[in-house]
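The structure appears below as structure tokens.
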Amino acid sequence: MVTVQTNTDSSLSSVPSPSNLRFLSPAEMPTIKASKTKRVKGGKGKKNGKRVSKPERETDVETARANAALWELKLKVTDQDLAECREAHFSLACLNERLTNKLHRSEEDSMDMSRYWQRKVEEHEQEVRNLKEDMKRQEELALNEKNKMAQDIRMIQDKVKDLKEIKAQLEQELSDMRESMDAADKNHRENIYKIEDNHLNGMENLKREVEKRSNLEIAKLKLDHHESVVRLENAFRSASKENHRLSEMLKNTTKEAEDLKKLTHSLSEKNTTLALEKEKRPASGTSSEEQKDRC
0 MVTVQTNTDS SLSSVPSPSN LRFLSPAEMP TIKASKTKRV KGGKGKKNGK
50 RVSKPERETD VETARANAAL WELKLKVTDQ DLAECREAHF SLACLNERLT
100 NKLHRSEEDS MDMSRYWQRK VEEHEQEVRN LKEDMKRQEE LALNEKNKMA
150 QDIRMIQDKV KDLKEIKAQL EQELSDMRES MDAADKNHRE NIYKIEDNHL
200 NGMENLKREV EKRSNLEIAK LKLDHHESVV RLENAFRSAS KENHRLSEML
250 KNTTKEAEDL KKLTHSLSEK NTTLALEKEK RPASGTSSEE QKDRC
């Protein structure tokens with residue numbers, strides 16, 4: 000209960016400001032004594048008995064008016080504080096809704112980014128698989144070429160062997176002819192020797208040419224194989240770097256989403272605290288300054 004003490008000569012317009020008010024307990028509240036009158040018998044109009052003096056009655060009326068003015072002022076302050084609390088509650092609710100929408104959009108963006116980079120990773124993996132398949136096909140082609148060249152070399156070696164056998168047979172025939180023809184002409188022998196030399200030189204040249212072609216083909220196949228391996232390693236290294244960068248980006252996005260969740264939770268707790276304080280605010284017995292501090 001709140002009241003004020005005023006002088007007996009003060010009027011309602013001279014109510015003190017809230018800073019000069021003093022809080023009184025219900026026991027200290029002044030009471031207005033009702034006047035008791037007795038009618039005089041006989042109808043003479045005279046009044047007997049005790050009556051409250053006029054200055055005392057005016058003092059009680061002024062006190063009651065001052066109390067009423069103070070209560071009206073306190074009610075206005077309380078209504079103003081309540082309006083401020085409601086406005087703060089509405090602002091926090093709006094902020095909470097905006098943050099919730101922002102978090103939802105961030106989660107959707109994060110999911111879209113994850114799906115996009117997952118597709119990119121799958122495309123890179125498909126490219127790696129294609130490169131591996133190309134390398135495997137090239138290895139198979141190189142192996143087939145090698146086998147074909149080996150077959151050609153074996154065929155040439157067989158031909159050389161046949162030629163050697165023919166040569167041996169011819170030499171044997173020549174030996175037989177020399178035995179049977181001791182008196183053969185010297186020129187005839189020289190011509191035969193020349194033919195044999197030319198034949199041997201031709202075989203050696205043919206063998207060297209075949210070996211040279213084989214070495215060139217093998218070197219070309221090795222170079223192609225090495226270039227394919229280098230391209231595959233570069234593609235795999237690029238895919239690994241891209242995957243690491245995507246992982247870091249996803250980690251940062253997840254961290255930002257967690258921070259937004261924590262901020263939303265903190266604002267929700269603050270909103271709940273304000274609602275509880277508004278419900279627990281006492282109807283009387285607190286000053287306007289304490290109510291402002293709580294808001």
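Once you know that position 181 of the sequence shown is 180 in numbering that gives the first Met the number 0, the rest is easy, because the numbers rise by one and skip nothing.
Every residue, glycine too, gets a C-beta built ideally from N, C-alpha and C.
Note that this is a predicted model, so its numbers are computed, not measured.
Coarse secondary structure for residue i, derived from DSSP in three states
i, result
"M176", "helix"
"R280", "coil"
"D302", "Outside the displayed range of the chain (0 to 294) lies residue 302, so it cannot be described from this structure."
"D184", "coil"
"L275", "helix"
"E144", "helix"
CB of residue i within 8 Å of CB of residue j, strictly
i, j, result
"L245", "L94", "no"
"E106", "A234", "no"
"L102", "L259", "yes"
"K131", "L231", "yes"
"K240", "L91", "no"
"T99", "T263", "yes"
"L310", "I194", "Outside the shown range of the chain (0 to 294) lies residue 310, about which nothing can therefore be said."
"Q117", "D223", "no"
"V159", "N242", "no"
"A256", "S109", "yes"
Whole-angstrom C-beta distance between residue j and residue i, which should lie under 8 Å
i, j, result
"E216", "M148", "6 Å"
"E144", "L199", "About 31 Å; that fails the 8 Å criterion."
"L273", "A65", "L273 to A65, Cβ: 34 Å. No contact."
"S237", "M134", "Actually they are not in contact, since the Cβ atoms of S237 and M134 sit about 17 Å apart, beyond 8 Å."
"K279", "C84", "The pair is not a contact, with the Cβ atoms about 12 Å apart (cut-off 8 Å)."
"S213", "I152", "7 Å"
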